[in-house]
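Colleague: Protein chains in written order, with the UniProt record's numbering: chain A, 1 to 297; chain B, 1 to 297.
Positions of the beta carbon are idealized from the N, C-alpha and C atoms, including for glycine.
There are 2 protein chains.
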Amino acid sequence: MLGLSLTAGVHADGKDTPSIASIVKAAKPSEWRSLDPANTLYMDLPDGRVVIELAPWWSPAHVANLKTLVREHYFDRTSVYRVQDNFVAQWGDPDSDNPKKAKSMGTAKTHLPPEYDRAYDASMTFTPLPDGDVYASQVGFSHGFPTARDPKTHRTWIAHCYGTVGVARDVDPTSGNGNTLYAVIGEARRIDHNLAVAGRVIQGMPLLSSLPRGDDANIGVYAKPSQRTPILRVRLAADVPVAQREHLQVLRTDSPTFARIVDAKRHRHDAFYRDPPGHLSLCGLEVPTRVDPAFAH
Amino acid sequence: MLGLSLTAGVHADGKDTPSIASIVKAAKPSEWRSLDPANTLYMDLPDGRVVIELAPWWSPAHVANLKTLVREHYFDRTSVYRVQDNFVAQWGDPDSDNPKKAKSMGTAKTHLPPEYDRAYDASMTFTPLPDGDVYASQVGFSHGFPTARDPKTHRTWIAHCYGTVGVARDVDPTSGNGNTLYAVIGEARRIDHNLAVAGRVIQGMPLLSSLPRGDDANIGVYAKPSQRTPILRVRLAADVPVAQREHLQVLRTDSPTFARIVDAKRHRHDAFYRDPPGHLSLCGLEVPTRVDPAFAH
Chain A
1 MLGLSLTAGV
11 HADGKDTPSI
21 ASIVKAAKPS
31 EWRSLDPANT
41 LYMDLPDGRV
51 VIELAPWWSP
61 AHVANLKTLV
71 REHYFDRTSV
81 YRVQDNFVAQ
91 WGDPDSDNPK
101 KAKSMGTAKT
111 HLPPEYDRAY
121 DASMTFTPLP
131 DGDVYASQVG
141 FSHGFPTARD
151 PKTHRTWIAH
161 CYGTVGVARD
171 VDPTSGNGNT
181 LYAVIGEARR
191 IDHNLAVAGR
201 VIQGMPLLSS
211 LPRGDDANIG
221 VYAKPSQRTP
231 ILRVRLAADV
241 PVAQREHLQV
251 LRTDSPTFAR
261 IVDAKRHRHD
271 AFYRDPPGHL
281 SLCGLEVPTR
291 VDPAFAH
Chain B
1 MLGLSLTAGV
11 HADGKDTPSI
21 ASIVKAAKPS
31 EWRSLDPANT
41 LYMDLPDGRV
51 VIELAPWWSP
61 AHVANLKTLV
71 REHYFDRTSV
81 YRVQDNFVAQ
91 WGDPDSDNPK
101 KAKSMGTAKT
111 HLPPEYDRAY
121 DASMTFTPLP
131 DGDVYASQVG
141 FSHGFPTARD
151 PKTHRTWIAH
161 CYGTVGVARD
171 VDPTSGNGNT
181 LYAVIGEARR
191 IDHNLAVAGR
201 VIQGMPLLSS
211 LPRGDDANIG
221 VYAKPSQRTP
231 ILRVRLAADV
241 PVAQREHLQV
251 LRTDSPTFAR
261 IVDAKRHRHD
271 AFYRDPPGHL
281 SLCGLEVPTR
291 VDPAFAH
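1. Apply the 10 Å Cβ neighbour rule to His154(A) and answer buried if 16 or more other Cβ atoms are within range, or exposed otherwise.
2. Grouping DSSP H, G and I as helix and E and B as strand, with all else coil, what is Ser281(B)?
3. Give the range of the alpha helix (DSSP H) segment to which Ser79(B) is assigned.
4. Closer than 8 Å between beta carbons: that is the criterion. Which residues of the segment 252-271 of chain B meet it against chain A?
5. Are the segment 142-156 of chain B and the segment 86-93 of chain B touching by the rule of at least three beta carbon pairs closer than 8 Å?
6. Taking just the CA atoms, how far does Asn177(B) sit from Asn65(B)?
7. According to DSSP, simplified to helix, strand and coil, what is Thr68(A)?
8. From what residue to what residue does the alpha helix (DSSP H) around Pro206(B) run?
9. Near His11(B), what residues of its chain come up, given a Cβ to Cβ distance below 6 Å and the 5 sequence neighbours on each side ignored?
10. Provide the residue(s) that pair with Tyr42(A) in DSSP beta bridges, ordered along the chain.
11. By how many angstroms is the C-alpha of Phe272(B) removed from the C-alpha of Ser5(B)?
12. By the 10 Å Cβ neighbour count, where 16 or more other Cβ atoms means buried, how is Thr7(A) classified, buried or exposed?
13. Under a CB-based cut-off of 7 Å, is Pro288(B) close to chain A?
14. How far does the beta strand (DSSP E) with Ser22(B) in it reach, from first residue to last?
15. According to DSSP, Val167(A) sits in a beta bridge with which residue or residues?
16. Please list the terminal residues of the continuous alpha helix (DSSP H) segment that includes Phe258(B).
17. Please list, in chain order, all residues of the same chain as Arg268(B) whose beta carbon is under 6 Å from its beta carbon, the five residues on each side excluded.
18. Please list, in chain order, the chain B residues whose beta carbon lies closer than 9 Å to that of Ala274(A).
19. Do the segment 154-172 of chain B and the segment 221-232 of chain B touch if we need at least three Cβ pairs shorter than 8 Å?
20. So, helix, strand or coil for Arg228(A), using DSSP?
21. Express the C-alpha separation of Asp97(B) and Ala108(A) in angstroms, rounding to a whole number.
22. State the DSSP-derived secondary structure class of Val240(B), mapped to helix, strand or coil.
23. In whole angstroms, what is the alpha-carbon distance linking Ala198(A) and Lys67(A)?
24. Determine the contact status of Thr78(B) and Ala237(B), defining contact as a CB-CB distance below 7 Å.
25. What are the residues of the segment 123-140 of chain A that lie near chain B, defined by any Cβ-Cβ distance shorter than 7 Å?
26. Shorter than 7 Å from the beta carbon of His279(A) to some beta carbon of chain B?
27. With which residues is Ile158(A) paired in a DSSP beta bridge?
28. Can you name the residues that DSSP bridges to Phe141(B)?
29. Would you mind reading off the limits of the beta strand (DSSP E) that contains Ser34(B)?
30. For Ala188(B), which of helix, strand or coil comes out of DSSP?
31. Can you pull the chain A residues whose beta carbon is under 7 Å from the beta carbon of Met43(B), in chain order?
32. Would you identify the three-state DSSP class for Val201(A), choosing helix, strand or coil?
33. What are the partner residues of Gly92(A), as DSSP defines its beta bridges?
34. Using DSSP with H/G/I as helix, E/B as strand and the rest coil, what is Val134(A)?
35. So does Gln227(B) have its beta carbon nearer than 6 Å to some heavy atom of the ligand FAD?
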């Protein structure tokens with residue numbers, strides 16, 4: 001068998017629950033938001049473009065410094081030099097720890113205050129998920145990002161789900177500055193609120209997740225420079241001519257359509273599911289994206 | 001920076017908590033068990049070998065039928081033909097749905113009773129995890145497998161964590177027979193107790209997880225046959241000469257060392273962790289494996 005049914009949107013026998021694809025398709029135009037070019041990065045690899053939405057609400061100092069590095073073309077001709085199976089892909093200057101070989105960071109700062117979590121307030125949207133979480137007392141989505149909250153301390157942080165982009169650092173909590181980034185390709189919730197999250201991959205995850213793995217004994221860092229994936233360039237979308245932009249939209253996570261998707265994911269009335277999960281974990285839901293229909297062709 | 005500290009076992013400042021690697025290293029010989037050759041599969045791909053431990057306790061009919069298929073060389077010259085990002089890699093005969101082109105299943109059965117969960121009893125070891133779960137009321141490890149339990153119904157099932165190998169099927173719950181298998185490479189808890197789990201990848205996950213992804217719109221099935229990864233052969237370890245076996249051992253999940261690993265993963269006293277997770281999810285822990293020292297060289 002082809003096993004296509006493993007995820008196919010087979011309709012319910014009698015219950016007539018629409019498939020997730022059809023729920024997304026029925027979303028109103030106002031339920032989609034376009035990525036802000038001033039907070040979107042394009043990382044061009046030999047096989048394609050990775051699009052990252054930045055998270056200035058959560059880590060303003062890190063995002064500002066990262067933009068400085070990008071605008072000064074720090075990442076051009078660096079590489080993805082670490083891919084640890086079921087954990088992260090990491091990129092930047094592989095020689096950044098070697099003062100003799102490290103690239104100049106130009107006008108960017110070398111140390112930043114830790115921005116691992118922040119206080120939350122009424123200005124932030126938050127769509128809670130109903131099934132709890134192993135690592136936090138509340139989880140849900142804020143402005144498209146998977147987030148966790150602690151009502152006791154009124155702190156919030158972005159969870160390390162698939163596609164989350166964080167700022168690597170050394171043991172010194174101020175040593176992260178954005179010159180070394182990682183994207184989550186596996187299980188990484190254990191590092192929640194211990195690193196600054198800078199954004200989230202919106203498009204192009206397979207360009208990172210399907211890279212060859214480095215040796216686990218060396219936490220995924222490639223043994224040979226020839227194994228690295230070159231980074232051609234990283235640019236802020238706002239600095240790229242409109243004709244060369246991606247024009248991506250993300251479904252608003254405070255929209256009725258998003259709530260319908262959460263419900264459908266939890267209760268799967270598809271005929272394939274004999275015994276629907278009835279629950280949904282924070283990282284078990286990917287926020288839908290699309291090309292802005294005004295630019296689709 | 002190299003960002004090695006992201007997972008490095010930096011020792012505690014004052015608390016002297018050993019790293020996970022050193023905890024594993026200190027395990028007694030009796031805390032390791034060797035894989036049973038009668039329940040271990042070797043899947044040989046062009047780039048290396050994937051080792052799968054079978055789970056006859058959980059799905060005896062599926063495992064028996066899978067062994068029949070393997071012993072009759074059903075999988076030789078089939079392929080990995082579906083890789084859906086953040087979900088599964090799937091293999092077998094890509095033409096199995098086409099009666100004119102499908103490979104013969106020989107003496108194997110074409111339909112099997114669903115074995116999606118089973119009753120648990122005192123014969124099964126179970127090491128519970130203390131931090132709960134989004135999808136089940138109890139989770140832990142049984143005989144090396146990540147499992148969930150429902151004390152109300154006394155049913156247990158293997159969870160779809162990274163590396164879990166399941167039996168694909170069509171909508172008909174009896175249509176899975178083991179001729180099409182998948183390994184979890186991402187988030188897949190949502191299909192728990194809706195498919196029969198046949199085993200777990202013990203070694204070689206990167207050979208599957210780093211394969212190019214198929215198009216999500218086609219649930220990861222490659223558009224062109226040339227994209228498939230050929231399967232050279234699949235053999236039961238017991239049918240392979242001893243000199244060509246892998247001699248792998250898995251840490252017993254009911255051992256004191258395993259309990260120490262769970263504790264270390266939850267409380268990470270490494271200097272890197274400013275704010276340790278304090279919790280551990282079922283799929284957040286990979287069971288340690290090693291080459292039997294009697295065969296290491």
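Modeller: Walking through what the data contain:
1. The count along the first sequence starts at 1 and reaches residue 154(A) at position 154. His154(A) comes out exposed.
2. Taking the second sequence and counting its residues from 1, one reaches residue 281(B) at position 281. The answer is coil: DSSP assigns Ser281(B) none of H, G, I, E or B.
3. Locating residue 79(B) in the second sequence gives position 79, counting from the first residue. Run containing Ser79(B): none in the alpha helix (DSSP H); it sits in the beta strand (DSSP E), Ser79 to Val83.
4. Lys265, Arg268 and Ala271
5. no
6. Position 65 of the second sequence, counting from 1, holds the residue named residue 65(B). Position 177 of the second sequence, counting from 1, holds the residue named residue 177(B). Straight-line Cα distance between these residues: approximately 7 Å.
7. Taking the first sequence and counting its residues from 1, the one referred to as residue 68(A) is at position 68. DSSP places Thr68(A) in helix when its eight states are reduced to three.
8. Along the second sequence, read from residue 1 onward, the residue named residue 206(B) stands at position 206. Element bounds for Pro206(B): Met205 to Ser209.
9. The residue you call residue 11(B) lines up with position 11 of the second sequence. For His11(B), the predicted model reports a pLDDT of 37, less than 50, meaning its position is unreliable; a value from the coordinates is still stated below. So no residue of the chain qualifies.
10. Here residue 42(A) refers to the residue found at position 42 when the first sequence is read from its first residue. DSSP, once it has assigned bridges, lists Val51(A) and Arg235(A) as partnering Tyr42(A).
11. As a working mapping, residue 5(B) is identified with position 5 in the second sequence. As a working mapping, residue 272(B) is identified with position 272 in the second sequence. Confidence in Ser5(B) is poor, its pLDDT being 44 and thus under 50, which makes the residue's placement unreliable; the coordinate value appears in the next sentence. Those two C-alpha atoms are separated by around 7 Å.
12. Numbered from its first residue, the first sequence carries residue 7(A) at position 7. Per-residue confidence for Thr7(A) stands at a pLDDT of 41, beneath the threshold of 50, marking its modelled position as unreliable; the derived number appears in the next sentence. Buried, by the Cβ-count rule.
13. For the purposes of this step, residue 288(B) is identified with residue 288 of the second sequence, where counting begins at 1. Answer no: the Cβ-Cβ gap between Pro288(B) and chain A never drops below 7 Å.
14. Mapped onto the second sequence, residue 22(B) falls at position 22. Not the beta strand (DSSP E): Ser22(B) falls in the alpha helix (DSSP H), residues Ile20 to Lys25.
15. As a working mapping, residue 167(A) is identified with position 167 in the first sequence. Paired residues: Leu181(A) and Ala196(A).
16. Position 258 of the second sequence, counted from the start, is the residue given in the question as residue 258(B). It spans Pro256 to His267 - the alpha helix (DSSP H) in which Phe258(B) sits, taken as one unbroken run.
17. Indexing the second sequence from 1 puts residue 268(B) at position 268. Pro276, listed in sequence order.
18. For the purposes of this step, residue 274(A) is taken as residue 274 along the first sequence, with counting starting at 1. Residue 274(A) is actually Arg in this sequence, not Ala. Residues of chain B passing the Cβ test: Pro114, Tyr116, Pro173, His193 and Asn194.
19. no
20. Start at 1 with the first residue of the first sequence, and residue 228(A) comes out as number 228. Three-state DSSP puts Arg228(A) in coil, outside helix and strand.
21. Taking the first sequence and counting its residues from 1, the one referred to as residue 108(A) is at position 108. Taking the second sequence and counting its residues from 1, the one referred to as residue 97(B) is at position 97. About 57 Å.
22. Here residue 240(B) is taken as the residue at index 240 of the second sequence, counted from 1. Looking at Val240(B) - three-state DSSP - the assignment turns out to be coil, as it is neither helix nor strand.
23. Reading the first sequence from its first residue, position 198 is the one you call residue 198(A). Reading the first sequence from its first residue, position 67 is the one you call residue 67(A). So the two alpha carbons sit approximately 11 Å from each other.
24. The count along the second sequence starts at 1 and reaches residue 78(B) at position 78. The count along the second sequence starts at 1 and reaches residue 237(B) at position 237. It is not a contact, given that the beta carbons lie outside the stated cut-off.
25. Asp131, Gly132, Asp133, Val134 and Tyr135
26. Counting from one through the first sequence, the residue named residue 279(A) turns up at place 279. So yes, His279(A) belongs to the interface.
27. Within the first sequence, residue 158(A) is the residue found at index 158, counting from 1. Beta-bridge pairing links Ile158(A) to Thr147(A).
28. Position 141 of the second sequence holds residue 141(B). Paired residues: Thr127(B) and Pro146(B).
29. Start at 1 with the first residue of the second sequence, and residue 34(B) comes out as number 34. That run of the beta strand (DSSP E) goes Trp32 to Ser34.
30. Along the second sequence, one-based indexing puts residue 188(B) at 188. If DSSP states are grouped into helix, strand and coil, Ala188(B) belongs with coil.
31. Reading the second sequence from its first residue, position 43 is the one you call residue 43(B). Going along chain A, no residue has its Cβ under 7 Å from Met43(B), so there is no contact; the nearest lies around 17 Å.
32. Residue numbering aside, residue 201(A) sits at position 201 when the first sequence is read from its first letter. Note: Val201(A) maps to strand in three-state DSSP.
33. Stepping through the first sequence from its first residue, residue 92(A) is reached at position 92. Note: Gly92(A) sits in a beta bridge opposite Ser79(A) and Thr180(A).
34. To locate residue 134(A), count along the first sequence from 1; it is residue 134. Of the three classes helix, strand and coil, the one that applies to Val134(A) here is coil, per DSSP.
35. The ligand FAD is not part of this structure, which contains no ligands at all.
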